[in-house]
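Chemist:
Number of protein chains: 4
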Amino acid sequence: MKKNMVRVGIVGISGYSGGLAFELLLNHPQVRITYASAHNTTGEIAKIWPHLAKRTSLYCEKFQTQKAIELCDVIFLAVPHTSAMEIVPKLLRADKQVIDLSADYRLSKPAVYKKWYKLAHKDSSNLSKAVYGLPELYRAEIKKATLLANPGCYPTSAILGLAPITATLTDTIESITIDAKSGVSGAGKKMAESLMYCEANENFKAYRVLKHQHTPEIEEYLSKLSGKNMKATFVTHLLPVNRGILSTIYVRTKEKLTTGKITQIYGRFYKTEPFVRVLPAETQPELKNVVGTNFCDIGLAVSEEKDVLVITSAIDNLMKGAAGQAVQNMNIMCGFKETEGLL
Amino acid sequence: MKKNMVRVGIVGISGYSGGLAFELLLNHPQVRITYASAHNTTGEIAKIWPHLAKRTSLYCEKFQTQKAIELCDVIFLAVPHTSAMEIVPKLLRADKQVIDLSADYRLSKPAVYKKWYKLAHKDSSNLSKAVYGLPELYRAEIKKATLLANPGCYPTSAILGLAPITATLTDTIESITIDAKSGVSGAGKKMAESLMYCEANENFKAYRVLKHQHTPEIEEYLSKLSGKNMKATFVTHLLPVNRGILSTIYVRTKEKLTTGKITQIYGRFYKTEPFVRVLPAETQPELKNVVGTNFCDIGLAVSEEKDVLVITSAIDNLMKGAAGQAVQNMNIMCGFKETEGLL
Amino acid sequence: MKKNMVRVGIVGISGYSGGLAFELLLNHPQVRITYASAHNTTGEIAKIWPHLAKRTSLYCEKFQTQKAIELCDVIFLAVPHTSAMEIVPKLLRADKQVIDLSADYRLSKPAVYKKWYKLAHKDSSNLSKAVYGLPELYRAEIKKATLLANPGCYPTSAILGLAPITATLTDTIESITIDAKSGVSGAGKKMAESLMYCEANENFKAYRVLKHQHTPEIEEYLSKLSGKNMKATFVTHLLPVNRGILSTIYVRTKEKLTTGKITQIYGRFYKTEPFVRVLPAETQPELKNVVGTNFCDIGLAVSEEKDVLVITSAIDNLMKGAAGQAVQNMNIMCGFKETEGLL
Amino acid sequence: MKKNMVRVGIVGISGYSGGLAFELLLNHPQVRITYASAHNTTGEIAKIWPHLAKRTSLYCEKFQTQKAIELCDVIFLAVPHTSAMEIVPKLLRADKQVIDLSADYRLSKPAVYKKWYKLAHKDSSNLSKAVYGLPELYRAEIKKATLLANPGCYPTSAILGLAPITATLTDTIESITIDAKSGVSGAGKKMAESLMYCEANENFKAYRVLKHQHTPEIEEYLSKLSGKNMKATFVTHLLPVNRGILSTIYVRTKEKLTTGKITQIYGRFYKTEPFVRVLPAETQPELKNVVGTNFCDIGLAVSEEKDVLVITSAIDNLMKGAAGQAVQNMNIMCGFKETEGLL
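Residue numbers (our numbering), protein chains in the order written: chain A, 27 to 369; chain B, 27 to 369; chain C, 27 to 369; chain D, 27 to 369.
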């Protein structure tokens, strides 16, 4: 083990996000994976993920808090919401750095959590310690974080698409509509009839219309950014692809915007960002250009006739929308190069 | 040939819409296909469409106006826009009934046609004769039509989704946003890099954002229905499926609506319609339930917090969005049972 | 109800085959569906199969033998193997005509059933009454059948591909290899990790290599046809499509064949068959030409250098491979036109 | 530029293999890309391949032999066959190392090339210099190669699947049948109706049955390995996936083999290979485990009843079947770690 290498553990290795985090960290030059666990599965990781055979000989075990604490400096939690808040307090008490991919520490208010996730938060005292892990907005805070709330996939796509106009032209915004489409892996590796091949293939539908639990997360961070209460109409759809989210965002404005001005605002906002690409005018993001990468691609179009701005924002839901962003956050927290292991 | 059978010709048999119109008419008990032509291909139709082998022994020839006039009572034009307006005047002079699947006779104003299709209309004198073939709105007019303008695929989905509220609650509507997603066959059977398998598969993107030529068609018939000038923000996307359109429509309203009221309005409006299904509350349309059928499925959701109604409208772009609707129109024009050959 | 209409019941309406049989029979002019049941679901069929809303108002109930007997003349069993042999004896005692889509009555020898399906046959006394429902081979027997064993999907594709050469050039055949590929609906509407969208999409694999339970069915009917013991090497694969089977069949021969001779043999054998299409030389069957139809398309190629004939045989696994063939068999059993409801 | 870095050029950057080779080399720590060209396109590579924006600022130009010679030590040719043999002689005269991804230098005999590629070879004098770039068989020769003939995608999959038994049990082999299935990218980035999304999606077919130009390549290297004239029946199919080849290989043997023995032979043969994984008994390779990697996964099954061995061999056609293997070969030729840039 090289000097300065960080010892990392991953809890929840058998899901899509946990599995991909493992794969990314396997190639990370400053990380040594020292611990991996899953809820239902134990044994060789190459048996759980056969595409990793001959790449790792590590084992996966049933989660034990004490062992994780002993073996790791940084711990990724790729577990369902509600499970994370059982584990986090113990890890924080042991002075570990925690990167939580679940939804448990993203919302600052327990009441909002209860409303959308239908159960009471069990660790509300640590909510104030959590830093929301969107590096493009909170890089400084992430640097000092011990509890990192890794953003949801839809919120990452929506907030990155909206941040520049929200931050600079707040008072111009009249209404926000987010029409989001996600590949099937967004639902996780769980069995449900609607996720069976013959049901999802050659199909398309909206789901949880106006009721998706990512709504308050989007609204909270847009509000924080603008300094006032922001609302967004949010509808999600199931796309027949494995990976990728495209959000088409309609911003109705009180005054007419020009393509030139908007492009300039977005260009400046993301100029030095390694993982956001604002596309040239008349160019639209496509899932195939972001899937497998940690990039967020953003397209902009202004109506000639109506006071409407159309923003399209594309990410890989498992990369920038989950495991990739988690590694980006770890890089910032540990003082590594931000793009390490991600390009 | 049974008595009372109508002699039908199809111009443009080698495209997706023309081919499907041919297949539907092949099974229609009151129709005899007496003529079929295509632009680039001639010969046995079962060679052009191998799935029709042992089902037809008809031939396809190069289009000749005079022959079509002699052999047919009703003529389907499944040709590109601009081609239709070359043929239609001749067919009308010969007293034929014409069902035009192209865009040439859908817009009533030549100036609007010129703006969106980038060329001057060549048969503007016949525009006033054209009846817009959306049976749910114009059944009486269709009955008497000699020139039928078969609606575009996107407009069919959007207008059917919006008609009930537009007709009954016009003054409540503040803005309309239509986020539409179409399968690849919507682009026709043409070669373009973006339509290649490896480009469209596992991909998704918006295209012609705010510039799609179906925009004025949607706005014209919503305006006609409401009696005032209606605008709609319209964005189209390319879905990785062969067939199907789902439009997610956001109507911002001046006052709060209730699910109960909206469901009642839609239920009444389409109560006797054979091909529109208003789904129960909390149920969303899915492409798989309409693909291969002539149905339009409509879902409704009202926001609890915002003054927004979300309408989802699904059709098969080649059926209700093209060939199926054309046959439905023919049934009305010829006095047949409206569902004949379509259920 | 028109005179001469047959009263039909379908047991197992919620699976893919049962659901499709229901849909086909709904359109059949000489059939009235008088009974429908499923194992786990009851209620409006349009709730179970939303694509049938506004097309049927029938209900599905829990299966009761006595009710099925009272209400039906012909009963389709679209149930898992082992369930069929519980029901069949009762229906036969009541003089009903039974069309069994399961595997329970396809193999004539209980010992073979036990070897491949891993359990003892419970109704072996009725095995001799069962007629194997491949109309191209057993039309005369099917006409008189009361218990019809509807063939498996893979065997239909394989036997139709092999029948002409097996029947006419038996002694020339040295070995048979069947490399079969099936769409995901072949596995039925069951939940299994390998059938989830993200697992099957963009994937392909062989499964149950050399151990598939359809092997003895193929071997039995090839043996019956040739009058001698025939063996076939049989490997199945999971294709990322909803529907369709393509079998690529390699026949090594003791002497060299010519394309001309083989094409003639196949052409003659299937000349009057309504649902088999022998393709012209140099033409290959494609799933898209048979999916949604009851056709079996067959392609032929003879090696110039080796003593090998390559037969490719394509069907829709749910149509000619299940529900479509079941309706074809019913047509024959009831004296209807063989293609009724299927073209 | 670090010391010891190799200057690499890629000719044919706009195709799938050339584009992927570029992407792999971009991340290679011992390589500097100093030249890139394409036939029809020039300009920023990030415009040609938008997924590479913010990852490269390199330009692509029209190919000029002299410039390539001046700027590069190693040159990848990702051009169509026939183009390579125009360029190779000039590069060899200038003492460059050439890695040719086309078919031009794979077959040792000009007459065989002419028979299968339908034109005369123009550089037959250099054929004897070419080393066939399958590292698992020819690592020692590759180390010294100046002209590397990178294997075809189908032959890589077939030969790796067959090499152990061909090398060790030659006399036992009676016949070989290779049923191969490839994703659509195997056809390259060219426009053809059969490669359009709506034609290839939900479809499957065999093509060039018994006539595929990779047949003699497979036979030549199997023959070389066994020391005697080997023949293989070879049929290719078009799979509805972007990437991946699975070959199901049937070896009829003169005597019965056991799974134990075969597994041992394969395990030993590939024991130290970094990119070949022989799967445990009863386990089958799946495309999803190799796509995006340079691995070849191999499954083995022996018939209990017949003298047949079934080998399944899976690769990513663009990685181990093209660009990945090309980089692996470059690593060997340049003395780098063989897996550099590939894990």
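Note that the Cβ used here is the ideal one computed from N, Cα and C, for glycine as well.
Short of 9 angstroms Cβ to Cβ, which residues in the segment 217 to 230 of chain D face chain A?
Modeler: Correct list: N227, E228.
Chemist: Measure the C-alpha to C-alpha separation of A/K170 and A/L163 and round it to an integer number of angstroms.
Modeler: As a working note, residue 170 of chain A is residue 144 in the first sequence. As a working note, residue 163 of chain A is residue 137 in the first sequence. One C-alpha to the other measures close to 14 angstroms.
Chemist: Which complete beta strand (DSSP E) runs does the segment 88 to 143 of chain C hold, if anything under 3 residues is left out?
Modeler: 100 to 103, 123 to 126
Chemist: Kindly list, in the order they appear in chain C, the residues whose Cβ is closer than 8 angstroms to that of B/R81.
Modeler: Position 55 of the second sequence, counting from 1, holds the residue named residue 81 of chain B. The contacting residues are L369.
Chemist: Along chain A, which residues have their Cβ under 7 angstroms away from the Cβ of C/N152?
Modeler: Indexing the third sequence from 1 puts residue 152 of chain C at position 126. Per Cβ cutoff of 7 angstroms: no residues; C/N152 is ~33 angstroms from chain A at best.
Chemist: Could I get the ranges of all uninterrupted beta strand (DSSP E) runs contained in the segment 145 to 225 of chain D, with 3 residues as the minimum, in chain order?
Modeler: 156 to 158, 173 to 175, 199 to 208
Chemist: List the residues of chain C whose Cβ lies closer than 8 angstroms to the Cβ of D/R303, in chain order.
Modeler: The residue given as residue 303 of chain D occupies position 277 in the fourth sequence. Under the 8 angstroms cutoff, chain C gives no residues; its nearest Cβ is about 14 angstroms from D/R303.
Chemist: Could you compute how far the alpha carbon of D/T198 sits from the alpha carbon of D/D333?
Modeler: Here residue 198 of chain D refers to the residue found at position 172 when the fourth sequence is read from its first residue. Here residue 333 of chain D refers to the residue found at position 307 when the fourth sequence is read from its first residue. So the two alpha carbons sit approximately 10 angstroms from each other.
Chemist: Run through DSSP, which three-state label would D/K231 get?
Modeler: Start at 1 with the first residue of the fourth sequence, and residue 231 of chain D comes out as number 205. Three-state result, D/K231: strand.
Chemist: Quick one: give me the first and last residue of the alpha helix (DSSP H) that A/S249 is part of.
Modeler: The residue labelled residue 249 of chain A in the question sits at position 223 within the first sequence. Looking at the DSSP string, the run of the alpha helix (DSSP H) that includes A/S249 is 241 to 252.
Chemist: Who are B/I323's beta bridge partners in DSSP?
Modeler: Taking the first residue of the second sequence as 1, we reach residue 323 of chain B at position 297. Residue 323 of chain B is actually Asp in this sequence, not Ile. Beta-bridge pairing links B/D323 to B/R303, B/A340.
Chemist: Which of the residues in the segment 58 to 87 of chain A, read from start to end, lie with their CB under 8 angstroms from any CB of chain D?
Modeler: P76, H77, A79, K80, R81
Chemist: Using a Cβ-Cβ cut-off of 7 angstroms, state whether A/P266 counts as contacting chain B.
Modeler: Residue 266 of chain A sits at position 240 when you count from the first residue of the first sequence. Taking Cβ atoms only, chain B reaches closer than 7 angstroms to A/P266, which makes this a yes.
Chemist: Kindly list, in the order they appear in chain A, the residues whose Cβ is closer than 9 angstroms to that of B/E243.
Modeler: Residue 243 of chain B sits at position 217 when you count from the first residue of the second sequence. Correct list: empty, because the minimum Cβ distance to chain A is about 16 angstroms.
Chemist: Does DSSP put B/S273 in a helix, in a strand, or in coil?
Modeler: Residue mapping note: residue 273 of chain B aligns to position 247 of the second sequence, counting from 1. It is a strand residue.
Chemist: Looking only at its own chain, which residues have a Cβ that is under 8 angstroms from the Cβ of A/L117, when we skip the five neighbours before and after it?
Modeler: To locate residue 117 of chain A, count along the first sequence from 1; it is residue 91. Only T91, A94, I95, I101, V124 meet the Cβ criterion.
Chemist: Just to confirm before moving on: does the CB-CB distance between A/R294 and A/D323 stay below 7 angstroms?
Modeler: Within the first sequence, the letter at position 268 stands for residue 294 of chain A. Within the first sequence, the letter at position 297 stands for residue 323 of chain A. Annotated as distal: A/R294 and A/D323, with beta-carbon spacing of 7 angstroms or more.
Chemist: Is the beta carbon of B/T262 closer than 7 angstroms to that of B/A184?
Modeler: In the second sequence, residue 184 of chain B corresponds to position 158, counting from 1. In the second sequence, residue 262 of chain B corresponds to position 236, counting from 1. No; because the gap between Cβ atoms is not below 7 angstroms, this pair is not in contact.
Chemist: Out of D/Y233, D/T68, D/S154, which one is the CA nearest neighbour of C/L313?
Modeler: Within the third sequence, the letter at position 287 stands for residue 313 of chain C. Selected option, being the one with the closest Cα: D/Y233.
Chemist: Please determine if the segment 201 to 218 of chain A and the segment 283 to 297 of chain B are in contact, where contact requires at least 3 C-beta pairs separated by less than 8 angstroms.
Modeler: The segment 201 to 218 of chain A makes no contact with the segment 283 to 297 of chain B: fewer than 3 CB pairs, one atom from each, lie closer than 8 angstroms.
Chemist: Classify D/R119: buried if its beta carbon has 16 or more other beta carbons within 10 angstroms, exposed otherwise.
Modeler: Here residue 119 of chain D refers to the residue found at position 93 when the fourth sequence is read from its first residue. With fewer than 16 Cβ atoms within 10 Å of its Cβ, D/R119 is classed as exposed.
Chemist: For A/S211, which residues in chain E fall below 7 angstroms Cβ to Cβ?
Modeler: Looking for chain E here will not work: the only protein chains present are A, B, C and D.
Chemist: Sorted by chain position, which residues of the same chain lie with C-beta nearer than 6 angstroms to C/F89's C-beta, five sequence neighbours on each side aside?
Modeler: Locating residue 89 of chain C in the third sequence gives position 63, where the first residue counts as 1. These residues qualify, in order along the chain: V37, S63.
Chemist: For D/K366, I'd like the list of residues in its chain whose CB is within less than 6 angstroms of its CB, leaving aside the five on either flank, ordered along the chain.
Modeler: For the purposes of this step, residue 366 of chain D is taken as the residue at position 340 of the fourth sequence. According to the sequence displayed, residue 366 of chain D carries Glu and not Lys. So the qualifying residues of the chain are N357.
Chemist: Please confirm whether A/N357 has its beta-carbon closer than 7 angstroms to some beta-carbon of chain D.
Modeler: Within the first sequence, numbered from 1, the residue matching residue 357 of chain A stands at position 331. Residue-level contact by beta carbon fails for A/N357 and chain D, as no gap is shorter than 7 angstroms.
Chemist: Could you give the C-beta distance for D/A340 and D/G270, rounded to a whole number, given that I count them as a contact under 8 angstroms?
Modeler: Position 314 of the fourth sequence, counting from 1, holds the residue named residue 340 of chain D. Position 244 of the fourth sequence, counting from 1, holds the residue named residue 270 of chain D. About 7 angstroms separates the two Cβ atoms, so the contact holds.
Chemist: Strictly below 8 angstroms CB to CB, what residues from chain A border B/Y233?
Modeler: Reading the second sequence from its first residue, position 207 is the one you call residue 233 of chain B. Going along chain A in sequence order, the residues near B/Y233 (Cβ under 8 angstroms) are Q310.
Chemist: Which residue wins for smallest C-alpha separation from A/T203, given the options A/L173, A/L221, A/T241, A/A218?
Modeler: To locate residue 203 of chain A, count along the first sequence from 1; it is residue 177. The candidate whose alpha carbon is nearest that of A/T203 is A/T241.
Chemist: Contact criterion: CB-CB distance below 7 angstroms. Does B/N320 meet it with respect to chain C?
Modeler: What you label residue 320 of chain B is simply residue 294 of the second sequence in a count that begins at 1. Cβ-Cβ to chain C under 7 angstroms: no for B/N320.
Chemist: Would you mind telling me which residues of chain D sit closer than 7 angstroms to A/N315, beta carbon to beta carbon, in chain order?
Modeler: Taking the first residue of the first sequence as position 1, residue 315 of chain A is located at position 289. Chain D residues near A/N315: P76, H77.
Chemist: Between the Cα of A/V267 and the Cα atoms of A/A110, A/I288, A/V235, A/G318, which residue gives the shortest distance?
Modeler: Within the first sequence, the letter at position 241 stands for residue 267 of chain A. Of A/A110, A/I288, A/V235, A/G318, the residue nearest in Cα terms is A/G318.
Chemist: Pick helix, strand or coil for B/G41, following the three-state DSSP scheme.
Modeler: What you label residue 41 of chain B is simply residue 15 of the second sequence in a count that begins at 1. Reduced to three states, the DSSP call for B/G41 is coil.
Chemist: Among the residues of its own chain, which have a CB less than 8 angstroms from the CB of D/E315, if the five just before and after it don't count?
Modeler: Taking the fourth sequence and counting its residues from 1, the one referred to as residue 315 of chain D is at position 289. Residue 315 of chain D is actually Asn in this sequence, not Glu. Once the five neighbours on either side are set aside, the close Cβ partners of D/N315 are F321, D323, A340.
Chemist: Taking 7 angstroms as the threshold (beta carbon to beta carbon), is D/T298 in contact with chain C?
Modeler: For the purposes of this step, residue 298 of chain D is taken as residue 272 along the fourth sequence, with counting starting at 1. For D/T298, the answer is no, since every Cβ of chain C falls outside 7 angstroms of its Cβ.
Chemist: From what residue to what residue does the alpha helix (DSSP H) around C/V316 run?
Modeler: Within the third sequence, numbered from 1, the residue matching residue 316 of chain C stands at position 290. Its alpha helix (DSSP H) spans residues 313 to 316.
Chemist: Please state the DSSP three-state secondary structure of B/M27.
Modeler: Counting from 1 along the second sequence, the entry for residue 27 of chain B is found at position 1. In this predicted model, B/M27 has a pLDDT of only 49, less than 50, meaning its place in the structure is not dependable enough to derive any value.
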